[in-house]
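First the structure, in the form of structure tokens, and then the observations on it.
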Amino acid sequence: MGAERVAITDQAASLLRQLREDHGQPLMFHQSGGCCDGSAPMCYTQGTFATGPADVLLGELDAGTPEPVPVWISRAQYEYWSHTHLTIGVTQGRGAGFSIEGPTGHRFIIHSRLFTEDELQELDPVTSG
């Protein structure tokens, strides 16, 4: 297994487990790049946000939910961030947009760092939606 493009903090994984239980459906993330939500990772129940050929799958998170949580990003945004590792975290406060964690008083956030040269060599290619 090569380097991974995306990870999740323990606190964010805990919130995902709560959201999975509350909503009773598998979850997904789409990394926003729009003006209204800045660069917030948006969490949806699967099927609520349609991905397509303009989106790429960064990876799937093992958050302790019954199924892995896919993380998608628009291809245009991916072109800017392809050299960075993203970690989804959580903080207190209400985020903008339609992300389902809003009513909990928390919001998902992104932490990023540049990949090392070794990690860049190990990365698997991304796939389109």
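In my numbering, each residue carries its 1-based index in the sequence shown increased by 30.
For each residue, glycine too, the CB sits at the ideal point set by N, CA and C.
For this session: For THR157, write down the residues that DSSP places opposite it in a beta bridge.
Result: In DSSP, THR157 forms a bridge with LEU87.
Exercise. Which residues mark the beginning and the end of the alpha helix (DSSP H) in which ARG191 is found?
Worked result: Because the chain spans 31 through 159 in this model, residue 191 falls outside it and cannot be assessed.
Exercise. Where does GLN55 fall in DSSP's three states?
Worked result: For GLN55, the three-state secondary structure derived from DSSP is coil.
Exercise. Who are the near neighbours of GLY123 in its chain, counting only those whose CB is closer than 8 Å to its CB and skipping five residues on each side?
Worked result: Result list for GLY123: GLY135, HIS136, ARG137, in chain order.
Exercise. Roughly how many angstroms lie between the CA atoms of PRO96 and ALA37, to the nearest whole one?
Worked result: Computed Cα separation, rounded: 17 Å.
Exercise. Rounded to a whole number of angstroms, what is the C-alpha to C-alpha distance between HIS60 and GLN151?
Worked result: Each residue's alpha carbon lies about 25 Å from the other.
Exercise. Using the beta-carbon count (16 or more within 10 Å), is SER158 buried or exposed?
Worked result: Its Cβ having fewer than 16 others within 10 Å, SER158 is exposed.
Problem set entry | Validate contact between the segment 109-124 and the segment 138-149 using beta carbons, cut 8 Å, 3 pairs | Contact between the segment 109-124 and the segment 138-149 is present, because at least three Cβ pairs lie under 8 Å.
Problem set entry | Closest by C-alpha distance to ALA84, when choosing among SER69, GLY63, PRO56 | Considering only alpha carbons, the answer is GLY63.
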